[in-house]
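Enquirer: I have a structure I would like to understand better, so I am pasting it below and will then ask my questions one at a time.
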Amino acid sequence: MNSLIGKNEISDTLADFFIQPNGATWANNIRSEALVAFNDFGVPTKRDEYWKYTNPQKLTMIPTEPAALFSNDEPPMFESIDRVKIVFVDGILDLSQSDDLILEGATIETLVDATSKDIHWAKDLFGSLEKNGQKPVKRPLAALNTAMAAEGLVIRITDKCKKPLAIRYIHNSETSDALVHNIIKIESNAQFTLLESGAGAARFNSVLEVDVADNADFHHVRTQGRDHERKTVTHIFGRLGKESIFKSFTMTVNGTLTRNDAVLEFTGDNARATVAGATAGDGESFHHDDTVFITHDAVNCESRQVFKKVLRNGATGVFQGKILVKADAQKTDGYQISQGLLLDDNSNFLAKPELEIYADDVACSHGSTVGAIDEDAIFYLVSRGVPRKQAQDMLVLAFLAEAIDEIDSNDLADDINDRLAAWMNRR
Amino acid sequence: MTDMIAKDGVEAETVEAVKSLSGKYKYGFSTDVEIEYAPLGLSEDIVRLISEKNDEPEWMLEWRLQAFERWKQMKEPDWAMVDYPKIDFQDIYYYARPKSMSEDKPKSLDEVDPKLLETYEKLGIPLKEQALLAGVEVPDGDRKVAVDAVFDSVSVGTTFQKELKNAGVIFMSISEALKEHPDLVKKYIGSVVPQSDNFYATLNSAVFSDGSFVYIPEGVKCPMELSTYFRINAENTGQFERTLIIAEKGSSVSYLEGCTAPQRDVAQLHAAVVELVIQEDAEIKYSTVQNWYPGDENGKGGIYNFVTKRADCRGDRAKVMWTQVETGSAVTWKYPSCILRGNESQGEFYSIAIANNMQQADTGTKMIHLGKNTKSRIVSKGISAGKAQNTYRGLVSMHPKAENARNYTQCDSLLIGDKCGAHTVPYIEVKNNTARVEHEATTSKVDDDQLFYCRQRGMDEEEAVALVVNGFCKEVLQALPMEFAMEAQALVAISLEGSVG
């Protein structure tokens, strides 16, 4: 498969490098508008406050640095879960490896199909949450994605889906540079679980826009693939209606550069959201950045941010979290915890947990701790006959478990736990 | 109410005195003395003029001019969460001094214009040491405080010179120090806050007019608390003072700083630099009660307080403690920092920032851990009321060599009313796995149950809020020297008047 489809190899700017897809007029307009925004924002650089701890250069250079394929004998994620499977290879939908796009309670279309229809419900959602999420912080790489992504899924959930949809992103070319844009609209009282796994491409830029209507539930569990040299930037833009639930969990292991942005906005009262992440980084070249921005613009909503990072051999973990409570968002309960566990003295943990609060009847808190593994706990285990290495692994897994606990489904949490345990001793 | 609070450690008298002022800015008067100004605006000539007025050595002028050159290239920072009209740096007087202080500078406090002394008396600052020296009995346990008073651009006088001299302590205005101890000043000035550290510090380097200089020789425990009192009086002036404190090996000193300004419609600029040098086993305790005029309830007037404060713990086991009570100023932009260079050095930061009406405060600290076994502690209490915005912004940085370094940070914000904002922006950078960093922050409103409890016992709402807020701040108030703690506690109550109901 030619991974350079849709790329202009002789360009010298990021915007020119990708070729804007052609679809229906409305879709072309949205893409053009996003391109104007991207050109207006400019390519992010380390001098931007929002990239203070992560150098975006590997995400913006053209062409991308190649990334070696990562082969292992592990079965793909979520194999044991009853699901509808869809496969993208280097960012391009591969129907031959996918199940039929049929899920009870849902309609699933490809972005290509949806954006070529003259009339489509996605017109009101495509790019709109991304655009909304550009304030007050600019996210140029998300605008680039809206403007240029040709691939992705457009999903409408009208009922409580019994099975999850599992998207697997396979990295198959050392030079692939993929943009994937998924849109999900969950209607009132509906429920949906999305599973994502895999490295996706040598450089993978994904945007997920999720509109969760009143009383609807969205569950999201993601693992990002262990390819050592992959570069990944993802954005989740979520809008929460009244009494809705939004839960997203991401496990990130290795990768040269990972930047995950989650931008959520509460627009209806009494809703709940969780964004959680467990990260294990091993080696000097690994850099993980979780950046979360949650806006409370409704009454009595609850948000949780739970991030745990285990770092060794020179890995760097970054957390930038923000809770913004607008003046009318009374009775907000905002919680944010970020913790780094440094297994040696070369690793780094950098955090900026922010609160910006304009309402008075709120309970917001954040905590952030960084430290080494607790020697007393190790001693306790060793004195009971557990070998030191094993004791350390147990404590690392226990540390990460607090983030994994944020996953509602036990089956999925177990799957993640088993995977992490197996990865303790291999890179 | 008075009884309640009296139990808490504040004298009933103080509370009465504060109450009688009924919410007005207590220090809003201006003193009618003849003021000598430098021409309006800023230029190389003004820098030269300030240097000349202070009769400075040539190197100082060169240093100032270099800073001025750099400043011209710099841009005003805009990252703080404060919003104010653009400052016209050419519409400020950079030098103002009472005329009586100019030609024949008074040789002792007796010769100082009585009007100036009156001002400080009104402010409650005991400048006259005569009473004490004349043998008026000092009750046991009452500590003496040596005061350096700065009026607009110049130091008016420093008390207890003789006693300090006997102890070997140098405490004088920086303009005097430049004449009497130029080598010491030259050695240390700019060594903690470099000449062109940031926009406001660079401006200060170019135009600072006076300030305090303290030198504590090796092994000396300063026999009394030192204090500087800053007063902006003249209209349209900026105050740019520079404080330099050096604590040699094994010495210690406690330093207090207070500030007030008259009530004026036009905002005034205050850009100070404070440098602390702390050698092996030395200790500096630096306390500030900042009560500059905050502007009126519509945000008119007030002081723009852009201050750079930094302590450099150069020796092993050096210790610094910043305590600040920030109740005044229209805009505050201030981050007292600690560079923990020496092994086992310690930095502490205790802060109460109260913003009411249209006040905006963006304040916090930086703890830079470079040495082994260094420790830092941050306790920040932010209180927002009215339409005010209050931001804690801080950095804790553990460098790779800071083995076993420890930090504990606690930032609590309290919101009173639904038109104000409370924000927390901490930066945590850990590059060492033996270091341990703990950060906690909470934001909440005044607890209804606590208010109800107080109201039930006959307190009115305002008193109840003041009491709850005082409890919220207790950890920081306890870190202040006694006299300051009382003033601060009363200030907390007065700053919040009119914020409920």
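First to last, the sequence lines map onto chains U and X.
Here the first sequence stands for residues 1388 to 1814, where the numbers follow the numbering used here.
Here the second sequence stands for residues 34 to 534, where the numbers follow the numbering used here.
Glycine is no exception: its CB is placed at the ideal position from the N, C-alpha and C atoms.
Note that the coordinates shown come from a computational prediction; the quantities given were computed from them, not determined experimentally.
#1: Would you decide whether Glu-1630 of chain U is buried or exposed? Buried here means 16 or more other CB atoms lie within 10 Å of its CB.
#2: In chain U, which residues lie less than 7 angstroms from Leu-529 of chain X when you measure between Cβ atoms?
#3: Between which two residues does the alpha helix (DSSP H) harbouring Gly-1410 of chain U extend?
#4: Less than 9 angstroms between CB atoms is the rule here; does Leu-1729 of chain U satisfy it with respect to chain X?
#5: In angstroms, rounded to a whole number, what distance separates the CA positions of Asn-1592 of chain U and Ser-1467 of chain U?
#6: For Glu-473 of chain X, does the three-state DSSP call read helix, strand or coil?
#7: Determine the burial state of Asn-1812 of chain U: buried for a count of at least 16 other Cβ atoms within 10 Å of its Cβ, exposed for fewer.
#8: Identify the contact partners of Trp-535 of chain X in chain U, using a Cβ-Cβ distance below 7 angstroms as the criterion.
#9: Given 8 angstroms as the limit, is there contact between the stretch 492 to 509 of chain X and the stretch 230 to 243 of chain X, that is, 3 or more CB pairs closer than that?
#10: Helix, strand or coil, according to DSSP, for Ser-384 of chain X in the structure here?
#11: Report yes or no: is there a C-beta of chain X within less than 9 angstroms of the C-beta of Cys-1548 of chain U?
#12: If I follow the unbroken alpha helix (DSSP H) through Phe-193 of chain X, where does it start and stop?
#13: Just to confirm before moving on: does the CB-CB distance between Ser-579 of chain X and Cys-255 of chain X stay below 9 angstroms?
#14: In the DSSP output, what is Thr-1494 of chain U paired with across the bridge?
#15: Whole angstroms are fine: how far does the CA of Arg-264 of chain X sit from the CA of Ala-182 of chain X?
#16: Measuring alpha carbon to alpha carbon, tell me which residue in X:Ile-311, X:Ser-206, X:Ser-446 is nearest Gly-283 of chain X.
#17: Using a Cβ cut-off of 8 angstroms, which residues of the stretch 1750 to 1775 of chain U contact any Cβ in chain X, in chain order?
#18: Are Lys-408 of chain X and Gly-380 of chain X closer than 9 angstroms when you measure CB to CB?
#19: Determine the chain X residues that contact Tyr-1745 of chain U at a beta-carbon separation under 7 angstroms, and present them in chain order.
#20: Can you check the stretch 410 to 471 of chain X for any beta strand (DSSP E) of at least 3 residues that lies completely inside it and give the ranges in chain order?
#21: Measure from the C-beta of Leu-1787 of chain U to each C-beta in chain X and report whether the shortest distance is under 9 angstroms.
#22: Smallest Cα separation from Asp-1732 of chain U: which of X:Asn-466, X:Gly-454, X:Met-114?
#23: Just to make sure I have the definition right: I need the residues of chain X whose C-beta is within less than 7 angstroms of the C-beta of Ser-1734 of chain U. Which are they?
#24: When burial is assigned at 16 or more other CB atoms within 10 Å of the CB, is Leu-1807 of chain U buried or exposed?
#25: Mind checking whether Phe-1465 of chain U and Pro-1551 of chain U have CB atoms under 9 angstroms apart?
#26: What whole-angstrom Cβ distance do His-1645 of chain U and His-1675 of chain U have, given they're in contact under 8 angstroms?
#27: Is the shortest distance between the beta-carbon of Glu-473 of chain X and the beta-carbons of chain U less than 9 angstroms?
#28: Please list the residues of the stretch 386 to 416 of chain X that have a C-beta atom closer than 7 angstroms to any C-beta atom in chain U, keeping them in chain order.
#29: Taking DSSP as the reference, what is the three-state secondary structure of Ala-286 of chain X?
#30: Could you give the residue range of the alpha helix (DSSP H) that holds Ser-242 of chain X?
#31: Leaving out the 5 sequence neighbours to the left and right, which residues in its chain are closer than 6 angstroms to Val-226 of chain X when beta-carbon positions are compared?
#32: Along chain U, which residues have their Cβ under 9 angstroms away from the Cβ of Gly-450 of chain X?
#33: With a 10 Å radius around its C-beta and 16 neighbouring C-beta atoms as the bar for buried, classify Leu-1482 of chain U as buried or exposed.
#34: Relative to the alpha-carbon of Val-501 of chain X, which residue among X:Gly-335, X:Gln-483, X:Glu-251 has its alpha-carbon at the smallest distance?
#35: Which residues share a DSSP beta bridge with Ala-1649 of chain U?
#36: Could you give the DSSP three-state label for Gln-1717 of chain U: helix, strand or coil?
Expert: Well, looking at it:
#1: buried
#2: Simply none; closest approach about 14 angstroms.
#3: That residue, Gly-1410 of chain U, is in no alpha helix (DSSP H); it is neither H nor E in DSSP.
#4: yes
#5: 27 angstroms
#6: strand
#7: exposed
#8: This structure gives no information on residue 535 of chain X, because the portion of chain X shown stretches from 34 to 534.
#9: Between the stretch 492 to 509 of chain X and the stretch 230 to 243 of chain X, the count of Cβ pairs shorter than 8 angstroms is below three; the stretches do not touch.
#10: Of the three classes helix, strand and coil, the one that applies to Ser-384 of chain X here is strand, per DSSP.
#11: no
#12: Phe-193 of chain X -> no alpha helix (DSSP H), and no H or E assigned at all.
#13: Nothing can be reported for residue 579 of chain X: it is not among the residues displayed for chain X, which extend from 34 to 534.
#14: U:Ile-1489, U:Arg-1543
#15: Distance between the alpha carbons of Ala-182 of chain X and Arg-264 of chain X is about 8 angstroms.
#16: X:Ile-311
#17: Ala-1750, Cys-1751, Ser-1752, His-1753, Gly-1754, Ser-1755, Thr-1756, Val-1757, Gly-1758, Ala-1759
#18: yes
#19: Under the 7 angstroms cutoff, chain X gives Gly-454.
#20: 422 to 431, 439 to 449, 454 to 463
#21: no
#22: X:Asn-466
#23: Asn-466
#24: buried
#25: yes
#26: According to the sequence as given, residue 1645 of chain U is Thr; it is not His. Contact check for Thr-1645 of chain U and His-1675 of chain U: beta-carbon distance about 5 angstroms, within the 8 angstroms limit, so the pair qualifies.
#27: yes
#28: Cβ contacts with chain U: none found.
#29: The sequence shown places Val at residue 286 of chain X, rather than the Ala named in the question. Looking at Val-286 of chain X - three-state DSSP - the assignment turns out to be strand.
#30: Run containing Ser-242 of chain X: none; DSSP gives neither H nor E here.
#31: Ala-234, Val-306, Glu-308, Thr-341, Arg-343
#32: Asp-1747
#33: The residue is exposed, with fewer than 16 neighbouring Cβ atoms inside 10 Å.
#34: Just measuring C-alpha positions, the residue of X:Gly-335, X:Gln-483, X:Glu-251 sitting nearest Val-501 of chain X is X:Gln-483.
#35: Looking at the DSSP assignment, Ala-1649 of chain U forms a beta bridge with U:Ile-1623, U:Val-1679.
#36: coil
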